[in-house]
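**Student:** Note that my numbering has the sequence shown beginning at 8, numbered continuously upward. C-beta: ideal position from N, C-alpha, C; glycine also.
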Amino acid sequence: MTESVFPDGSQPSVSSHLSEVVMWTPAFWQGLLERAVKTFAQALIAVLSANGVGLVNADWGGALSAAGMAMVLSILTSFATPAMVSGPREQKPPTLS
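(1) For residue 78, count the other beta carbons within 10 Å of its own beta carbon; 16 or more makes it buried, fewer makes it exposed. Which is it?
(2) Measure the alpha-carbon distance for residue 91 versus residue 35 and round it to whole angstroms.
(3) Do residue 43 and residue 74 have their C-beta atoms closer together than 7 Å?
(4) DSSP on residue 58, reduced to helix/strand/coil?
(5) Which of the three DSSP states, helix, strand or coil, is assigned to residue 34?
(6) Name the two residues that bound the continuous alpha helix (DSSP H) containing residue 92.
(7) Given residue 47, which residues of its chain have a CB within under 6 Å of its CB, disregarding the five upstream and five downstream residues?
(8) Just to confirm my understanding: we take residue 31, look at its own chain, exclude 5 residues before and 5 after, and list those with CB closer than 6 Å. What are they?
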């Protein structure tokens with residue numbers, strides 16, 4: 008026998024679970040894009056400045072490759088923790104009965 012998940016003894020249904028997924032909200036996709044672009048820029052600047060060479064002599068292929076990989080990892084992290092990407096969820100104000 009499986010234990011109930013909710014205090015009232017009920018089990019979650021697939022449809023109720025899908026409606027609670029924050030990955031389908033515009034806030035998630037906006038947060039994912041913002042984090043990915045910031046990560047790409049930060050990694051690119053870090054790699055270029057770590058080499059200590061000028062912009063003309065820099066290994067742009069290697070720097071762009073490393074920044075691209077950092078961006079992919081940021082996107083995968085966003086999918087792993089979607090609630091952290093989309094920000095706080097809007098709560099309905101309590102109603103007085």
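**Tutor:** For this structure:
(1) buried
(2) 9 Å
(3) no
(4) helix
(5) helix
(6) 89 to 93
(7) 74, 78
(8) none
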